[in-house]
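S.K.: The structure follows.
Residue numbers (this note's numbering): 3 to 468.
So, in structure tokens, the structure goes:
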């Protein structure tokens, strides 16, 4: 039977041409693109009533001004971040107001670098394991570092890693958010660094415990910067276990009897978190503890946002005291923690599925959060490229459908938000309804990603291999 070659489409040819460009060139193009956005932002802010720069960037800059004056950054009203952010943005006062944006854009590019190296390392490692299995099956001699010649071009680690990094580099949302001055790329970098170190420890037996300890240090730092990565801790912990957790007794044993790797992770995390917390408590006292940590547990934000809880907070139902308020809080928080526990136990116990586990947990955190803005999407968009190779069961048409659905749900929310913000329409109920639509949409997308998740598959030429 004669096989006819299916002609490739224009988009496929264009995609292959893009992937032939070196990763360094992609980094350079992305760096120039972000510089252009920063310059545009400076011009836009000077001419438009609606600023390009994030309001949080201005708040942190004011906090940096307080630091340079020898005061606490928390003297600036609504400053509720780590003092590290103010220290980073002191260059805004000393050099130029856009220096902080340059720092965040740099970490934006560093995220892409980590994505590239992590995906490349994982694909190559999984390929080596597959080849070793095939060679043993055919009774052929095994080599410790098998050549990649037998691998199909589309499954080559370089191409997959480059494609994954490009999904981050050329994402307009992430580029705009970092150049507006949002510090979420800064914290997301340390989340991915933690994942990178944990997975790398599985390949470097000689430095395994040091890599895990360093991962703990990075994890402690990012918890200090942002509280949400604390919910990744269980998945990190379980991924270092030498035995599976199948029953509640197994889970209890994991907690009470950690192995050396788990001990190193916990030790590094506690040392880092306690060191930063104690240092800034010594400098700024109880005000730091309240503003940087406790405030986020009692926060009530009635400003319109994507959250399902927005309308509830606006109407004041969550402001009541006593039993109804506690019941409302439990009804909101319980499903979120049940989902996180389920995802951590299902995907967090294996190194190969750890990135997907962290992605889904971050997705749940953002979806259920009491306040949801566009910059919060960075929390899971930064991790998504690590999992793209595992969504081969998801067709291109369905992938595009899910993306359009996600964007459409946001657009439907933005319409009443625009009418409220700029036309002073009373559209609060409409915003609340669209927040519910966005919540349901996110739930459907998560279900689709979970049902179409699969392990990495390779197309290997047996002739070249054997």
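Ideal placement from N, C-alpha and C gives every residue a C-beta, glycine not left out. Treat the numbers as computed from the prediction; the structure is a model and nothing was measured.
Hey, could you find the ends of the alpha helix (DSSP H) residue 76 is sitting in?
M.R.: Along the chain shown, one-based indexing puts residue 76 at 74. Note, residue 76: premise wrong, no alpha helix (DSSP H); not H, not E.
S.K.: Could you pull the start and end residues of the alpha helix (DSSP H) that residue 449 belongs to?
M.R.: Here residue 449 refers to the residue found at position 447 when the chain shown is read from its first residue. 430 to 453 is the extent of the alpha helix (DSSP H) around residue 449.
S.K.: Return the Cβ separation of residue 127 and residue 237 in integer angstroms, given the expectation that the two are a contact with Cβ distance under 8 Å.
M.R.: Sequence index remark: in the chain shown, residue 127 carries index 125 (1-based). Sequence index remark: in the chain shown, residue 237 carries index 235 (1-based). Going by Cβ atoms, the distance from residue 127 to residue 237 rounds to 20 Å, so no, they are not a contact pair.
S.K.: By Cβ distance below 6 Å, which residues in the same chain neighbour residue 313 in space, the five residues on each side in sequence not counted?
M.R.: Translated into positions along the chain shown, residue 313 becomes position 311. Once the five neighbours on either side are set aside, the close Cβ partners of residue 313 are 434.
S.K.: Within its chain, find whatever has a CB closer than 6 Å to the CB of residue 369; leave out the 5 residues flanking it on each side and keep chain order.
M.R.: By one-based count along the chain shown, residue 369 stands at place 367. Cβ within range, chain order: 444.
S.K.: Among the candidates 190, 20, 243, 248, whose CA atom is the shortest distance from the CA of residue 160?
M.R.: Residue numbering aside, residue 160 sits at position 158 when the chain shown is read from its first letter. Looking at the Cα atoms, 20 is the closest of the given residues.
S.K.: Are residue 275 and residue 226 close, meaning C-beta to C-beta below 9 Å?
M.R.: Mapped onto the chain shown, residue 275 falls at position 273. Mapped onto the chain shown, residue 226 falls at position 224. Cβ distance < 9 Å, so residue 275 and residue 226 count as in contact.
S.K.: Where residue 253 and residue 247 are concerned, what is the direct C-alpha to C-alpha distance, given to the nearest angstrom?
M.R.: Residue numbering aside, residue 253 sits at position 251 when the chain shown is read from its first letter. Residue numbering aside, residue 247 sits at position 245 when the chain shown is read from its first letter. The straight-line gap from Cα to Cα measures roughly 6 Å.
S.K.: Buried or exposed: residue 431, going by 16 or more other Cβ atoms within 10 Å of its Cβ?
M.R.: Position 429 of the chain shown holds residue 431. Using a 10 angstroms sphere on the CB of residue 431, the tally of other CB atoms stays under 16, which defines it as exposed.
S.K.: Express the C-alpha separation of residue 40 and residue 386 in angstroms, rounding to a whole number.
M.R.: As a working mapping, residue 386 is identified with position 384 in the chain shown. As a working mapping, residue 40 is identified with position 38 in the chain shown. Taking the straight line from one Cα to the other gives about 25 Å.
S.K.: Can you list, in chain order, the residues of its chain whose CB lies under 6 Å from that of residue 266, leaving out five sequence neighbours each side?
M.R.: Indexing the chain shown from 1 puts residue 266 at position 264. Excluding its 5 nearest sequence neighbours in each direction, residue 266 has C-beta neighbours in its own chain below 6 Å: 211, 214, 215, listed in chain order.
S.K.: Taking Cβ to Cβ, would you say residue 198 is nearer than 9 Å to residue 32?
M.R.: Your numbering for residue 198 matches position 196 in the chain shown. Your numbering for residue 32 matches position 30 in the chain shown. No, the Cβ-Cβ distance between residue 198 and residue 32 is not below 9 Å.
S.K.: Give the DSSP-derived three-state secondary structure of residue 411 in the structure shown.
M.R.: Here residue 411 refers to the residue found at position 409 of the chain shown. Helix.
S.K.: How about residue 178 and residue 187: are their beta carbons less than 9 Å apart?
M.R.: If you number the chain shown from 1, residue 178 lands on position 176. If you number the chain shown from 1, residue 187 lands on position 185. Not a contact, by the Cβ cut-off of 9 Å.
S.K.: Just the Cα atoms here: how many angstroms apart are residue 446 and residue 80?
M.R.: Sequence index remark: in the chain shown, residue 446 carries index 444 (1-based). Sequence index remark: in the chain shown, residue 80 carries index 78 (1-based). Each residue's Cα considered, the two are about 35 Å apart.
S.K.: Which residue's Cα is closest to the Cα of residue 92: 61, 121, 112?
M.R.: Mapped onto the chain shown, residue 92 falls at position 90. Checking every option, the nearest Cα to that of residue 92 belongs to 61.
S.K.: When you compare only the Cα positions, how much space is there between residue 74 and residue 283?
M.R.: As a working mapping, residue 74 is identified with position 72 in the chain shown. As a working mapping, residue 283 is identified with position 281 in the chain shown. Taking the straight line joining both Cα atoms gives about 11 Å.
S.K.: Determine the burial state of residue 78: buried for a count of at least 16 other Cβ atoms within 10 Å of its Cβ, exposed for fewer.
M.R.: As a position in the chain shown, residue 78 is number 76, starting the count at 1. It is buried - the Cβ of residue 78 has at least 16 other Cβ atoms within 10 Å.
S.K.: Grouping DSSP H, G and I as helix and E and B as strand, with all else coil, what is residue 65?
M.R.: On the chain shown, residue 65 is found 63 positions in, with the first residue counted as 1. Helix.
S.K.: Report back the beta-carbon spacing between residue 440 and residue 413 to the nearest angstrom; my notes put them in contact at under 8 Å.
M.R.: Within the chain shown, the letter at position 438 stands for residue 440. Within the chain shown, the letter at position 411 stands for residue 413. No, residue 440 and residue 413 are not in contact; Cβ-Cβ is about 10 Å, not under 8 Å.
S.K.: So, using beta-carbon positions, are residue 58 and residue 42 closer together than 9 Å?
M.R.: Counting from one through the chain shown, the residue named residue 58 turns up at place 56. Counting from one through the chain shown, the residue named residue 42 turns up at place 40. No; because the gap between Cβ atoms is not below 9 Å, this pair is not in contact.
S.K.: Indicate whether residue 189 and residue 56 have their beta-carbon atoms separated by less than 9 Å.
M.R.: Taking the first residue of the chain shown as position 1, residue 189 is located at position 187. Taking the first residue of the chain shown as position 1, residue 56 is located at position 54. Contact: no.
S.K.: With a CB to CB cut of under 8 Å and the five nearest residues on each side skipped, what residues in its chain are close to residue 351?
M.R.: In the chain shown, counting from the first residue as 1, residue 351 sits at position 349. Within the same chain, residue 351 has close Cβ partners 240, 241, 243, 246, 247.
S.K.: Which of the three DSSP states is assigned to residue 384 in this structure?
M.R.: Numbered from its first residue, the chain shown carries residue 384 at position 382. Coil, per DSSP.
S.K.: Excluding the five sequence neighbours on either side, which residues of its own chain have a C-beta within less than 7 Å of the C-beta of residue 70, listed in chain order?
M.R.: Stepping through the chain shown from its first residue, residue 70 is reached at position 68. Excluding residues within five positions, the ones whose Cβ falls inside 7 Å are 92, 95.
S.K.: So, is residue 206 buried or exposed, given that buried needs 16 or more other C-beta atoms within 10 angstroms?
M.R.: Taking the first residue of the chain shown as position 1, residue 206 is located at position 204. Counting Cβ neighbours within 10 Å, residue 206 comes out exposed, since fewer than 16 surround it.
S.K.: Once the 5 residues before and after residue 219 are set aside, which same chain residues still bring their CB inside 8 Å of it?
M.R.: The residue labelled residue 219 in the question sits at position 217 within the chain shown. Here the set comprises 270, 271, 273, 274.
S.K.: In whole angstroms, give me the CA-to-CA distance for residue 361 and residue 382.
M.R.: Translated into the one-based positions of the chain shown, residue 361 becomes position 359. Translated into the one-based positions of the chain shown, residue 382 becomes position 380. Looking at the two C-alpha atoms, the distance is approximately 5 Å.
S.K.: Compute the Euclidean distance between the alpha carbons of residue 367 and residue 230, then round it to the nearest angstrom.
M.R.: Taking the first residue of the chain shown as 1, we reach residue 367 at position 365. Taking the first residue of the chain shown as 1, we reach residue 230 at position 228. If you take the alpha carbons of residue 367 and residue 230, they lie about 7 Å apart.
S.K.: Below 9 Å between beta carbons: does that hold for residue 113 and residue 191?
M.R.: Sequence index remark: in the chain shown, residue 113 carries index 111 (1-based). Sequence index remark: in the chain shown, residue 191 carries index 189 (1-based). A contact, by the Cβ cut-off of 9 Å.
S.K.: Among 163, 100, 98, which residue has its Cα nearest to the Cα of residue 115?
M.R.: What you label residue 115 is simply residue 113 of the chain shown in a count that begins at 1. Selected option, being the one with the closest Cα: 163.
S.K.: Given a threshold of 16 other Cβ atoms within 10 Å of its Cβ, counted over all protein chains shown, does residue 357 qualify as buried or as exposed?
M.R.: Indexing the chain shown from 1 puts residue 357 at position 355. Its Cβ being crowded by 16 or more others within 10 Å, residue 357 is buried.
S.K.: Determine the DSSP secondary structure at residue 161, reduced to helix, strand or coil.
M.R.: Here residue 161 corresponds to residue number 159 of the chain shown, with the count starting at 1. Under the three-state reduction of DSSP, residue 161 is assigned to helix.
S.K.: Is the CB-CB distance between residue 107 and residue 26 below 9 Å?
M.R.: What you label residue 107 is simply residue 105 of the chain shown in a count that begins at 1. What you label residue 26 is simply residue 24 of the chain shown in a count that begins at 1. Cβ atoms of residue 107 and residue 26: not closer than 9 Å.
S.K.: Alpha carbon to alpha carbon, how far is residue 394 from residue 462? Give it in angstroms, no decimals.
M.R.: The residue given as residue 462 occupies position 460 in the chain shown. The residue given as residue 394 occupies position 392 in the chain shown. The predicted position of residue 462 is uncertain, since its pLDDT is 49 and thus under 50; a value taken from the coordinates is nonetheless stated next. Rounded to whole angstroms, residue 462 to residue 394 spans 17 Å at the Cα level.
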